[in-house]
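For reference, the structure is listed below as structure tokens.
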Amino acid sequence: QRALSFFWTAATDEPLGAVFLSGGPARMPGLSAELKQRLDCVVEVADPFRRAQVERRVDRLLIETSGPSLAIAVGLATRRPGDK
28 QRALSFFWTA
38 ATDEPLGAVF
48 LSGGPARMPG
58 LSAELKQRLD
68 CVVEVADPFR
78 RAQVERRVDR
88 LLIETSGPSL
98 AIAVGLATRR
108 PGDK
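When the count follows my numbering, it moves up by one through the sequence shown with no breaks and lands on 111 for the last residue.
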């Protein structure tokens with residue numbers, strides 16, 4: 028709720044297009060549906076590995092279930108020197 032309040036305070040008058048959930052609570056049962064109803068926009072669980080090539084020996088189920096919690100780590104790992 029605080030993140031959305033901050034967004035609406037700082038944002039322009041443009042409507043919210045989509046929300047991507049990440050972190051541990053992202054897969055909380057009913058959260059996506061509740062937010063979609065309240066915000067009237069697309070709500071998806073973030074999948075930072077969606078376009079990543081992962082070796083076959085890596086447990087795909089582990090990647091799928093842990094992905095939202097690893098979003099920040101994946102983002103930092105894909106930075107290039109000089110990125111801010």
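Cβ atoms here follow ideal geometry from the backbone N, Cα and C, with glycine treated the same way.
What would DSSP say about residue i, mapped onto helix, strand or coil?
i	result
residue 48	strand
residue 71	strand
residue 60	helix
residue 76	coil
residue 85	coil
residue 105	coil
residue 91	helix
residue 43	coil
What is the rounded straight-line gap between the Cα of residue i and the Cα of residue j?
i	j	result
residue 44	residue 68	6 Å
residue 78	residue 49	16 Å
residue 92	residue 85	13 Å
residue 112	residue 38	Residue coverage of the chain in this structure runs from 28 to 111, which leaves residue 112 outside it and unanswerable.
residue 58	residue 83	31 Å
Rounded to the nearest angstrom, how far is the Cβ of residue i from that of residue j, given a contact under 8 Å?
i	j	result
residue 75	residue 51	Contact flag wrong, Cβ pair sits at about 14 Å.
residue 90	residue 81	6 Å
Where does residue i land, buried or exposed, given buried means 16+ other C-beta within 10 angstroms?
i	result
residue 70	buried
residue 73	buried
residue 98	buried
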